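**Student:** Residues 1 to 161 in the UniProt record's numbering are what the sequence shown spells out, letter by letter.
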Amino acid sequence: MICAIAELESNRQPLAMGYDKKTNLITIGIMQVAPKVAEWIVREEDYLLFPVEEDPDILYKPFVNVYFGAAYLRWLSNFDGKKQFDGPSPIEAPTFPTSPVSPSKGFDLYWDSRVSSEDMEHMWNHLDVFKEWIKSKEIRGKVRFSCNKEKKPYLSRVELR
Numbered sequence: 001m002i003c004a005i006a007e008l009e010s011n012r013q014p015l016a017m018g019y020d021k022k023t024n025l026i027t028i029g030i031m032q033v034a035p036k037v038a039e040w041i042v043r044e045e046d047y048l049l050f051p052v053e054e055d056p057d058i059l060y061k062p063f064v065n066v067y068f069g070a071a072y073l074r075w076l077s078n079f080d081g082k083k084q085f086d087g088p089s090p091i092e093a094p095t096f097p098t099s100p101v102s103p104s105k106g107f108d109l110y111w112d113s114r115v116s117s118e119d120m121e122h123m124w125n126h127l128d129v130f131k132e133w134i135k136s137k138e139i140r141g142k143v144r145f146s147c148n149k150e151k152k153p154y155l156s157r158v159e160l161r
């Protein structure tokens, strides 16, 4: 669900920015989260992991943006204390078999081309992400997105952390 929203809202572009003329609302990042919504989530829903009120530009970081996007989806799915749908939680990881896409299949989306060098370094320094990428034979500068059987890219549970 999160991958679908990221695809529709920003075409998986971490630096995407949107503007709604009707509401004068600016949205930022891969999940197109509005800074006002992120601040509300921090204040009212106690998601205190990232200081978005102090630095709204932090929403350009993919992990932070997905964090607030998933928090907002969770809030929407339980609006008025009622479960709004009978599916899995919007922040659960995919349950289908996965593998990185072979470059010979014509898919050339790399993390490195979509994320800042600081974020890539942070990801390589994260032990779980490092282990997953080494296990799947990824190398620095050429980290492919993980894909499902239909060759659609997604973020793994480890990459979302």
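Note that beta-carbon positions come from the ideal geometry of N, C-alpha and C, so glycine has one too. These figures come from a predicted structure and were not determined experimentally.
Quick one: Cα of Ser102 to Cα of Trp133, how far?
**Tutor:** With a pLDDT of only 43 at Ser102, under 50, the local geometry of the prediction cannot be trusted, and the value read off the model is given with reservation. Taking the straight line from one Cα to the other gives about 14 angstroms.
**Student:** Can you give me the start and stop residues for the beta strand (DSSP E) that Tyr19 sits inside?
**Tutor:** Segment 17 to 20, the beta strand (DSSP E) holding Tyr19.
**Student:** Which residues bound the alpha helix (DSSP H) around Leu76?
**Tutor:** First-last of the alpha helix (DSSP H) with Leu76: 62 to 77.
**Student:** Assess, as a yes-or-no matter, whether the stretch 43 to 50 is touched by the stretch 10 to 24 under the definition of 3 or more beta carbon pairs within less than 8 angstroms.
**Tutor:** With the cut-off at 8 angstroms, the stretch 10 to 24 and the stretch 43 to 50 do not touch.
**Student:** Measuring only the C-alpha atoms, how far is Val37 from Glu7?
**Tutor:** C-alpha separation (whole angstroms): 20 angstroms.
**Student:** From Glu53 to Tyr67, what distance separates their C-alpha atoms?
**Tutor:** Each residue's alpha carbon lies about 15 angstroms from the other.
**Student:** Can you give me the C-alpha to C-alpha distance between Lys55 and Lys61, rounded to a whole angstrom?
**Tutor:** Checking the displayed sequence, the identity of residue 55 turns out to be Asp instead of Lys. Taking the straight line joining both Cα atoms gives about 12 angstroms.
**Student:** Alpha carbon to alpha carbon, how far is residue 203 from Asn78?
**Tutor:** Because the chain spans 1 through 161 in this model, residue 203 falls outside it and cannot be assessed.
**Student:** Just the Cα atoms here: how many angstroms apart are Leu15 and Ser136?
**Tutor:** Roughly 27 angstroms separates the two Cα atoms.
**Student:** Taking the alpha-carbon of Met31 as reference, which of Asn125, Cys3, Ile41 has the nearest alpha-carbon?
**Tutor:** Checking every option, the nearest Cα to that of Met31 belongs to Cys3.
**Student:** Less than 7 angstroms between the C-beta atoms of Leu49 and Val33, yes or no?
**Tutor:** No; because the gap between Cβ atoms is not below 7 angstroms, this pair is not in contact.
**Student:** By DSSP, does Val52 sit in helix, in strand, or in coil?
**Tutor:** The answer is coil: DSSP assigns Val52 none of H, G, I, E or B.
**Student:** How many angstroms separate the CA atom of His126 from the CA atom of Ala70?
**Tutor:** Each residue's alpha carbon lies about 21 angstroms from the other.
**Student:** Within a Cβ cutoff of 6 angstroms, which residues of the same chain sit near Gln13, ignoring the five residues on either side of it in sequence?
**Tutor:** Counting only Cβ-Cβ distances below 6 angstroms, and skipping sequence neighbours, we find nothing.
**Student:** Have a look at the DSSP bridge pairing and note the partners of Val33.
**Tutor:** Beta-bridge pairing links Val33 to Ile28.
**Student:** Report all residues from its chain with a CB closer than 6 angstroms to the CB of Leu25; omit the five preceding and five following residues, and keep chain order.
**Tutor:** Here the set comprises Ala34.
**Student:** For Met1, which option in Asn65, Asp57, Leu73, Asn11 has the closest C-alpha, if you only look at C-alpha atoms?
**Tutor:** Selected option, being the one with the closest Cα: Leu73.
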